[in-house]
Amino acid sequence: MGIITTIKELERLREIIDVLFEQEFGYFIDKLQLRTHLLFHKRIDRKRFTKEYDASSMPVRLRISMEKLGGGFVKLGQLLSLRPDLISKEYVDEFSKLQDNVEEIPYEDVVNVIESEYGKKLSDVFLKFERIAVASASVSQVHKAWLKNGKKVAVKVQRPNMERIFEQDIALLNHLTNIIEKHYPEIGLNFHRIVEEFESYSKRELDFNTEARNIDIFYNNFKDDRKVVIPRVYKEFTAKRVLVMDFIDGDKLSDIRDDINFRRYKKNLVSMVVDSFLQQVLVYSTFHADLHPGNIMSVKNHQVALLDFGIIGHISHDSKEKIENLFLGLTTGNRVILANSLIELGFVDTDININEFKNDLSERLNVYYDSELKTINISNVLYDLLELTKKYNIRLPSSFILLIKAVITTEGFAKEFYPEYNYLNSWKKHAKRIIRKRKRPDYILKSFRDNAIDFRNFFVNLPDNIKNVINSRSNHKIKLDQGDIKNIENSLNRTITRIAYGIIIAALIIGSTILSVKETKYMIYGFPLISAIFLISAIILFLILIISRKEV
591 MGIITTIKEL
601 ERLREIIDVL
611 FEQEFGYFID
621 KLQLRTHLLF
631 HKRIDRKRFT
641 KEYDASSMPV
651 RLRISMEKLG
661 GGFVKLGQLL
671 SLRPDLISKE
681 YVDEFSKLQD
691 NVEEIPYEDV
701 VNVIESEYGK
711 KLSDVFLKFE
721 RIAVASASVS
731 QVHKAWLKNG
741 KKVAVKVQRP
751 NMERIFEQDI
761 ALLNHLTNII
771 EKHYPEIGLN
781 FHRIVEEFES
791 YSKRELDFNT
801 EARNIDIFYN
811 NFKDDRKVVI
821 PRVYKEFTAK
831 RVLVMDFIDG
841 DKLSDIRDDI
851 NFRRYKKNLV
861 SMVVDSFLQQ
871 VLVYSTFHAD
881 LHPGNIMSVK
891 NHQVALLDFG
901 IIGHISHDSK
911 EKIENLFLGL
921 TTGNRVILAN
931 SLIELGFVDT
941 DININEFKND
951 LSERLNVYYD
961 SELKTINISN
971 VLYDLLELTK
981 KYNIRLPSSF
991 ILLIKAVITT
1001 EGFAKEFYPE
1011 YNYLNSWKKH
1021 AKRIIRKRKR
1031 PDYILKSFRD
1041 NAIDFRNFFV
1051 NLPDNIKNVI
1061 NSRSNHKIKL
1071 DQGDIKNIEN
1081 SLNRTITRIA
1091 YGIIIAALII
1101 GSTILSVKET
1111 KYMIYGFPLI
1121 SAIFLISAII
1131 LFLILIISRK
1141 EV
């Protein structure tokens, strides 16, 4: 792994070193002992290797280098732009600007790829196929075509030999990673893990069946929506390197940003995109992670169409409520909810000082939430929270990092396209829906049922958890006398009793709430008698619980 094995790889390595040299990375080339890969006249230009590097311009120069190298390097930069937990804001912002400056591939190559995937002639599948591409990128290009039934479609075709090109670039990245980690161990970044993530990402990117499934999910979620259009995939014509979907007529928002004819619709367009994104996150738990103006179209009837579903995020069932809590915390500025949400979402070291973390978080957020809420930049808040989790070594799951980046991208789009747009107002609207949902009896009952299962699992797993703690501390001697053991036993019994009381009280309150909306034969002060009995019983048990705690 990381060893150059072919002439092609050696030639590509020389190309990489040459591009980095032209972008004033001579100091690092020399430090990494890669100078021998340059042409002789460049190798002997000593000034280019001893010149102090300009750290402030490094993000820009790295982005330009990636664009010049193309292939896997553009995709690597785009992937890194989705990881604000790994690289600083300056690099995230710069890598988000990466453009696919590539020439259109010849029509003959397009035909060869399609016929190779279908195992039949192009004319056997399409009634008409336009030779000139409507869009071209580093991995694929899109052509307009018509199926035999006359349906107009967009055909996304992968560029030839992309799999081999990516494999070559990944091999070289592993080679460079070995060298960087050898000479710069103090950086503290796990470069091999980044390359592994990139390899996994590129495999998904190069299999169009994955994107087809993603589009299908969004199409089913929004097929009845009057404001959002998602193209339909034609599965029977989709393969690993060819993707066929509805052709959507409209204008990309990146093309109409300065068009005076669209000025009066801008606020409405932004509002539809932001509302759609929040719906994806909070309702469907599957979201588009790259909503920039180039992936959004304005279509007829004042609708928006979403494009390019190569990068989407999923929110697991277990994380959904935690994400909602974080959302409510960000919307209201509630520091306690925010701190607890981050701790619940992340992987926390046992030696973390929770109170110190919460105090630190509260101080950082005072800068934002002590001002008027309408002026808050959510992206800046999220960047600060990420810095804080790094400081306290709270490791957040990559799916949550992707969500953070998606929020940042969507807010960036809204502010760029319509600067006066109040991003937080859209959040508040959805926050009210969450609060209303949580007040419904069916939601309360479901929460109680889920908590009851959690309590059961806690006690079922308690012996194993205690055993694991003892095993993990096996090198430390613990001395307990008979009195200590008795105190622990009594304390545990009291805790279990209180939990049991709590469950019963919660059940009685939920039962009272549900029954209070039903009219029965026996009523007392406008409430069903059985509902009143449940509520009074809950109050009595609660008082018993309070008194028992005071007696301890």
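Here the sequence shown is numbered in this note's numbering, starting from 591 and rising by one per residue.
Beta carbons: idealized from backbone N, C-alpha and C, even for Gly.
query                                                                                                                                                              : result
Tell me the residue span of the alpha helix (DSSP H) that contains Gln758.                                                                                         : Met752 to His773
Confirm, please, whether the CB-CB distance from Val889 to Gly840 is below 8 Å.                                                                                    : yes
By Cβ distance, which residues of its chain are closer than 7 Å to Gly667, with the 5 residues on each side in sequence left out?                                  : Arg653, Met656, Phe685 and Leu688
State buried or exposed for Thr596, treating a residue as buried only when at least 16 other CB atoms are found within 10 Å of its CB.                             : exposed
Quick one: what's Pro1118 bridged to in DSSP?                                                                                                                      : Met1113
In or out: Asp814 buried (at least 16 other Cβ within 10 Å) or exposed?                                                                                            : exposed
Ordered along the chain, which non-local residues of its own chain (more than five positions away) have a Cβ less than 8 Å from that of Lys738?                    : Val715, Phe716 and Leu717
When you compare only the Cα positions, how much space is there between Arg1026 and Lys912?                                                                        : 17 Å
Give the DSSP-derived three-state secondary structure of Arg638 in the structure shown.                                                                            : helix
Using the Cβ count rule (16 or more neighbours within 10 Å means buried), how would you classify His631?                                                           : exposed
Considering just the uninterrupted stretch of the beta strand (DSSP E) at Asp836, what are its terminal residues?                                                  : Val832 to Asp836
Where does His904 sit, in a helix, a strand or coil, going by DSSP?                                                                                                : strand
So what does DSSP say about Gln893, is it helix, strand or coil?                                                                                                   : strand
Assuming Ser730 contacts Gln748 (C-beta within less than 8 Å), just tell me the rounded distance between them.                                                     : 5 Å
Using DSSP with H/G/I as helix, E/B as strand and the rest coil, what is Leu935?                                                                                   : helix
Can a CB atom of chain B be found closer than 8 Å to the CB of Asn967?                                                                                             : This model lacks chain B altogether, as it is built from one protein chain only.
Quick check on Thr828: does DSSP put it in helix, strand or coil?                                                                                                  : coil
Within its chain, find whatever has a CB closer than 6 Å to the CB of Met591; leave out the 5 residues flanking it on each side and keep chain order.              : At Met591 the pLDDT is 47, less than 50, meaning the model places this residue with poor confidence; the figure from the coordinates comes in the next sentence. The residues are Asn764.
Spatial neighbours of Ser728 within its chain, please: C-beta separation below 6 Å, excluding the five flanking residues on both sides.                            : Gly660, Val664, Asp690 and Val692
Hey, which unbroken runs of the alpha helix (DSSP H) at 4 residues or more fall wholly within the stretch 626-691?                                                 : 630-633, 637-640, 648-659, 662-670 and 679-685
Would Glu599 and Gln758 qualify as a contact pair, given that the criterion is a beta-carbon distance under 8 Å?                                                   : yes
In the DSSP assignment, what are the bridge partners of Phe719?                                                                                                    : Ala735
Which value, in whole angstroms, describes the spacing of the CA atoms of Leu972 and Phe1003?                                                                      : 16 Å
On the criterion of 16 or more Cβ atoms from any shown chain inside 10 Å, does Pro775 qualify as buried, or is it exposed?                                         : exposed
Check whether the Cβ atoms of Phe917 and Ala929 lie closer than 8 Å to each other.                                                                                 : no
How many Å lie between Val863 and Val894 at the Cα?                                                                                                                : 7 Å
Residues in the same chain with beta-carbon distance under 6 Å from Phe808, minus the five sequence neighbours each way, listed in chain order, please.            : Ile820
Take Ser1016 and list the residues in its own chain whose beta-carbon comes closer than 8 Å to its own, dropping the five residues that flank it on each side.     : Ser861, Val864, Asp865 and Leu868
Apply the 10 Å Cβ neighbour rule to Ile1129 and answer buried if 16 or more other Cβ atoms are within range, or exposed otherwise.                                 : exposed
Under the three-state reduction of DSSP, which class applies to Met591: helix, strand or coil?                                                                     : For Met591, the predicted model reports a pLDDT of 47, less than 50, meaning its position is unreliable; a value from the coordinates is still stated below. Residue state, collapsed to three classes: coil.
So, for Ile901: in the same chain, excluding its five sequence neighbours on each side, which residues have a beta-carbon less than 6 Å away from its beta-carbon? : Ala879 and Asp880
Residue range of the beta strand (DSSP E) that Phe877 falls in?                                                                                                    : Thr876 to His878
From this set, Tyr697, Tyr824, Ser1037 and Lys995, which residue's C-alpha is nearest Lys741's C-alpha?                                                            : Tyr824
Ignore the nearest five residues each way along the sequence and tell me which others in Phe1007's own chain have a CB closer than 8 Å to its CB.                  : Leu843, Arg847, Lys856, Leu859, Val860 and Pro883
Three or more C-beta pairs under 8 Å: does that hold for the stretch 701-711 against the stretch 671-685?                                                          : no
Pick helix, strand or coil for Asp865, following the three-state DSSP scheme.                                                                                      : helix
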